[in-house]
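Numbering (full-length UniProt numbering), first residue to last: 1 to 523.
Notes follow the structure.
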């Protein structure tokens, strides 16, 4: 064989042998691990959690995260810290208010906070007590009205209200505190000396009640828009008049808003009572306003006031309220919510009387009304002829006195709404309960007794004072007579809605409601 050809064949065989050896080296062993790219182990990318960790060991300093996993800046962390601190302070303030009310040492601001708790969706339900609904609490209007002539207490209350309003974030709660802040500020302004706005106030005063008093909240909001539009227009108008009118409108709007919120509070209390006392729940549901209670005297900023004398029956609200609390106080206090039904003497505490009393209390108070307890003792009264047959009992009652300003010609000349005249008694509403009257065919009666031989229309009182007389109610067995000292003025017997004379006996309740005739000053 040609040597060259033999060399070529040998070289080719060598290449084939190398190729076979290479294939043998690359051949996979069936027992060896397999490579699977879909199961490749790799380090995962970090994705922050949508729920940031809390606690001292969960988040590094300076790397706090907010909602959605977003890291907060230092300023945002500070804002969040302040917000959390405000929530804590507000929660503690509400807890302290609840405790002081339950322990009968509440301040005026505590009553306002306690009333709100029934509709406060942010409150801690674990702080609720079963007997909270039984605690007699003054309505917001009563709390404000009780301080109407006390600038220092109004200022303190105003600051407390604004503190709550600043801390609150709940929309309805803020509406509650905002309305109270506006009303409190209005009462403080009325105590200040007359300023440059005196002319506008005098001009508007006669129009305010007539325009705004009967309006609903929605109607007042519409009027507000119209007045603001008028002030912003280019019409030639009396700016002072319309600005003063707008200022008064905002006050009435706050009253309407507060009334609406009080009805929500009443509805919430009804729901709580339905499971415990259906009878009381029904009575409260039928009432057209939040149940009211007298504002008791407290230590500190408030103090107990003496019982008003007969000649000074037209005293301030605080005095009248103190009479209510002092008349029911005793050395051994009854359980919360039962003070007015504690058995004392021969008073009537039957279940029928209790139901009538609760229903009347649930009606609350209209603006200008106050509780009236100026009862006169009839110790010299002879023993009833029927006393041997029936045990005499003293009837229960829930009476109101109507207080207000009289804007007659004299007062219009010498006073204004910033410097109002003294409040005077304008009428009374007597509600006396006789559910167990033996002879139900004979209605109870009343009579007026004037001491010292004074006749109707005569006046023995010194200048600046008013004559008083006794009004005595007579019913028959088993009820004793009961009397009250009232201002002796001529009654208005008109049955019109704004005068409201009423004398009736129905379903065991004697109702005598009357106002005095208005006497106008003439030069």
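Every residue gets a Cβ at the ideal spot worked out from N, C-alpha and C, and that includes glycine.
According to DSSP, simplified to helix, strand and coil, what is residue 381?
coil
Considering only the alpha carbon of each residue, which of 491, 487, 476 and 496 lies closest to residue 524?
For residue 524 there is no data in the structure shown, the boundaries of the chain being 1 and 523.
Look at the alpha carbon of residue 414 and the alpha carbon of residue 126, and state the distance between them as a whole number of angstroms.
55 angstroms
I'd like the list of long-range same chain contacts for residue 335, defined as Cβ closer than 6 angstroms, with 5 residues on each side in sequence excluded.
Only weak support is given to the placement of residue 335: the predicted model assigns it a pLDDT of 39, under 50, and the value that follows is read from those uncertain coordinates. Here the set comprises nothing.
Closest to residue 392 by C-alpha separation, out of 100, 187, 398 and 383, would be which residue?
383
Restricting to Cα atoms, I'd like to know which of 469, 133 and 167 is closest to residue 87.
167
Can you tell which of 99, 121 and 277 has its C-alpha closest to the C-alpha of residue 129?
99
Taking the DSSP output, what are the residues bridged to residue 239?
In DSSP, residue 239 forms no bridge with anything.
Give the straight-line distance between the Cα atoms of residue 409 and residue 416, rounded to the nearest whole angstrom.
12 angstroms
Taking Cβ to Cβ, would you say residue 157 is nearer than 9 angstroms to residue 184?
yes
Where residue 132 and residue 102 are concerned, what is the direct C-alpha to C-alpha distance, given to the nearest angstrom?
8 angstroms
Thinking C-beta only, is residue 466 closer than 9 angstroms to residue 488?
yes
Which ranges would you report for the alpha helix (DSSP H) in the UniProt domain "Splicing factor Cactin C-terminal" (386-523) if only whole runs of at least 4 residues count?
409-414
If you check the beta carbons only, do residue 390 and residue 478 fall under 9 angstroms apart?
yes
In the region 61-131, which residue ranges form an unbroken beta strand (DSSP E) of at least 3 residues, counting only runs that do not cross its ends?
none
Ends of the alpha helix (DSSP H) at residue 135?
Bounds of any alpha helix (DSSP H) do not take in residue 135, whose DSSP letter is neither H nor E.
Check this for me: beta carbons of residue 516 and residue 503, under 9 angstroms apart or not?
no
Whole angstroms are fine: how far does the CA of residue 210 sit from the CA of residue 227?
16 angstroms
Given a cut-off of 9 angstroms on the beta-carbon distance, is the pair residue 362 and residue 284 in contact?
yes
Give the DSSP bridge partners of residue 372, in chain order.
399
With a threshold of 16 other CB atoms inside 10 Å of the CB of residue 507, please say whether the residue is buried or exposed.
exposed
Would you kindly work out how many angstroms separate the C-alpha atoms of residue 214 and residue 473, rounded to a whole number?
35 angstroms
Any contact between the region 91-98 and the region 240-247? By contact I mean 3 or more CB pairs, one from each, below 8 angstroms.
no
Mapping DSSP to helix, strand and coil, what is residue 212?
The answer is helix: DSSP assigns residue 212 an H, G or I state.
Indicate the three-state DSSP secondary structure (helix, strand or coil) for residue 277 in the structure shown.
coil
With distances taken between CB atoms, is the gap from residue 107 to residue 160 smaller than 9 angstroms?
Contact: yes.
Can you tell me which of the three DSSP states residue 248 falls into?
The answer is helix: DSSP assigns residue 248 an H, G or I state.
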